[in-house]
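Chains as they are written, first to last, in the working numbering: chain A, 466 to 585; chain B, 466 to 585.
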């Protein structure tokens, strides 16, 4: 996989469902994922790791318990480890996520929004 | 720093010199850096870590000893740990780099192209 060039736009074209992270590339024990987001996710945290959001298109609010973080194209925000958050996409959003391998989208809460990492 | 929203375009606007990586964000013990590239760098490798290139604009060749990898906007390529490479930017290129904290741009060779990580 590390021998391949991956194109972000082409990868997103292959994804149809929101909230389904797909692996774009790996670096050591971290994954760079592409994802479509639409609507509100669930409140959760990742007790053991930070999580990086890089918005490519659309408008995304990262709801925190004490404030909202507003993101648009080209914006990067890191949710610190252990901090409860709930992403809210205003229409369709495309984004990159960076986190350690094995990280699950619903973090510590699980439930039916949990998605295993998909391959492109 | 993890409390801040960082905008990639705004970050690049603050960088004038090529080959000077600036920290955009950190996630755990990794840095996401923004950089301008122009012309040819130096042959080097990072014996202990992969290095991810994400091209935002321009055309970048990652020269490897056995082949050239051609990257354009939206392309992602991971140079595996220990693999000798020499980036060659055809005119100005802007890119994101992801690698562990403490990684140096010239890897195992050092020399006068070495740049300490800059803050934005």
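Beta carbons are placed, not taken as given, at the ideal position from N, Cα and C, and that holds for glycine. On a predicted model such as this, the values are computed, not experimentally measured, just so you know.
Taking only the alpha-carbon atoms, compute the straight-line gap between residue 487 (chain B) and residue 499 (chain B) and give it to the nearest angstrom.
5 Å
Flag residue 534 (chain B) as yes if its beta-carbon sits less than 9 Å from any beta-carbon of chain A, otherwise no.
yes
**OP:** Could you give the DSSP three-state label for residue 533 (chain B): helix, strand or coil?
**Re:** strand
Check: Does the stretch 467-479 of chain A come close enough to the stretch 538-558 of chain B to have 3 or more Cβ pairs within less than 8 Å?
Finding: yes
* To do: Ignoring anything shorter than 3 residues or poking outside the stretch 471-556 of chain B, list the beta strand (DSSP E) runs there in chain order.
  => 487-492, 495-505, 516-529, 533-536 and 540-544
message: Pairs of beta-carbons, one from the stretch 514-526 of chain B and one from the stretch 556-569 of chain B, closer than 8 Å: are there three or more?
response: yes
**Asked** Which residues, taken in chain order from the stretch 477-504 of chain A, show a beta carbon closer than 9 Å to some beta carbon of chain B?
**Response** 489, 490, 491, 492, 493, 495 and 497
Should residue 560 (chain B) be flagged as near chain A, meaning a C-beta pair shorter than 9 Å? no
Note to self: Just to confirm before moving on: does the CB-CB distance between residue 511 (chain B) and residue 584 (chain B) stay below 9 Å?
What the structure shows: no
Next on the checklist: Assuming the contact rule is C-beta atoms closer than 8 Å, residue 515 (chain A) and residue 546 (chain A) should be a hit. Round their C-beta distance to whole Å, please.
Outcome noted: 5 Å
- What are the residues of the stretch 567-581 of chain B that lie near chain A, defined by any Cβ-Cβ distance shorter than 9 Å? none
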